[in-house]
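Residues in the sequence shown are numbered from 4 upward in steps of one, following our numbering. One structure is given here, and the rest of the page talks about it.
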Amino acid sequence: MMKIILLVDLFPPKWLAGTEIASYNIAKYLAKTGHEVHVITSLDKGFPKKETIDRFCIHRTPIKKIRFIGIIFYWFHIFLEIKRINPNIVHVQSISTALPGIFSMIFLKKPYVIWGQGSDVYIPDKFTKFISKIVLKNASIVIALSEDMKRKMNTIYKREDIVILPNGIELDKFKGLSSRKQNNDKTKKTIIFVGTLRPVKGIEYLIKAMNSIHEQLPNTDLLIVGDGPDREKMETLVQELNLQDCIHFVGKVSNEEIPEYMAQADLFALPSLSEGFGIVNIEAMAAGLPIVTTNVGGLPEIVINGENGFLVEPKNPEALAETILLILSDNDLKARISMNNQMKAEQYSWDIVVKNLISIYESLSTS
């Protein structure tokens, strides 16, 4: 049994974006295999400094609201917590918590692993790029979510021995959803988007695509699940296009609620302008939904044209509309893609992903 520390800046239940949900599941499934797991993260108001959930322990560290001094204070306290716990492995999930990983290697002789989860790794600002070069160069092992992320990280940081390991999903939460949809109203078509409402997700192009979609298939709705800084702007766009009767903003939901919304849908659309991996695509696969997404980042590694969905170029509402209409108008195509997706999703089970992660950890002890 190993004692493992996960360092991640933000963590559920307060934060529910892709990296945070992945971090939670990594901790949960590592603990499920019998390892002692500790998550060190930032302290949010209203949450305890320490608690145990799903057999792993969360340690929340306060951040002083003083620039530079605050982050140094934060790093120092993370390092002290690492020293106190005395783990076998330090696993870093976010660059903002990576420097304590280096400190633990230098002063405590602990190996540290970095699993690049977000765009902060390969689309960094100047400060993050400076920190990233230090931590990635010295990490015992660097993991990328996709071939695309590995390529970009290698270009910036000149490290070729990067291991690829995608995030996983909780398959059981999504199994059987496609059959539930088949029992609902078959005359109504529902497209679903799940994600944070910010420019990089390209939601405005999906909204614009709904103009053509609704003209040709009037009984089609779009469910927008998620919240973010662009919500007000997107709601205004919907009103300007007079689509408020067919586009519905659900708002922020918990991760447990996402399967229920996917059960209402016929198709999943993610028109991102940039995407490292897009775990929500895998969730849509497991739910048996055809996927229409963009030809960016790691998405072409997940979606194969005509097999389990379709790729379109980003910022192209016309191509989005045409492809979505193609699928919604062809029940045989939709059924074939749905079946392919459910089979393909099996390889992304968290049980399989974490088993591979443990093998990576074990390679450190034998090297």
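All C-beta atoms, glycine included, are put in the ideal place defined by N, C-alpha and C. Quantities reported herein were computed from a predicted structural model and do not represent experimental measurements.
If you reduce the DSSP assignment to three classes, tell me which class residue 229 lands in. strand
Hey, quick one: how far does the beta strand (DSSP E) through residue 39 stretch, first residue to last? 39-45
Exposed or buried, residue 222, counting other C-beta atoms within 10 Å across all chains shown (16 or more means buried)? exposed
Can you look up residue 133 in the DSSP assignment and give me helix, strand or coil? helix
Distance cut-off 6 Å: residue 44 Cβ against heavy atoms of the ligand ADP: By its list of ligands, the structure shown contains no ligand whatsoever, and the ligand ADP lies outside what it can speak to.
Identify whether residue 248 lies in helix, strand or coil by the three-state DSSP scheme. coil
Can you check the segment 247-324 for any beta strand (DSSP E) of at least 3 residues that lies completely inside it and give the ranges in chain order? The segment 247-324 contains these whole beta strand (DSSP E) runs: 250-254, 270-273, 294-297, 312-315.
Give the secondary structure of residue 234 by DSSP, where H, G and I count as helix, E and B as strand, and everything else as coil. helix
State the start and end residues of the unbroken alpha helix (DSSP H) segment that holds residue 105. 102-111
Apart from the five residues on each side of it in sequence, which residues of its chain come closer than 7 Å, Cβ to Cβ, to residue 96? 9, 10, 11, 22, 26, 118, 120
Starting from the Cα of residue 243, find the closest Cα among 224, 151, 207 and give me that residue. 207
Note down, in chain order, each residue of its chain lying with its Cβ closer than 6 Å to the Cβ of residue 30, except the 5 sequence neighbours on either side. 9, 40, 42, 59
Relative to the C-alpha of residue 286, which candidate in 46, 198, 270, 348 has its C-alpha closest? Selected option, being the one with the closest Cα: 348.
Please identify the residue among 28, 231, 215, 355 whose C-alpha is closest to the C-alpha of residue 254. 231
Anticipated Cβ contact below 8 Å, residue 17 with residue 57, distance rounded: Not really, about 16 Å apart at Cβ, beyond 8 Å.
With a cut-off of 8 Å on the beta carbons, I'd call residue 138 and residue 98 a contact; round off their distance for me. 7 Å
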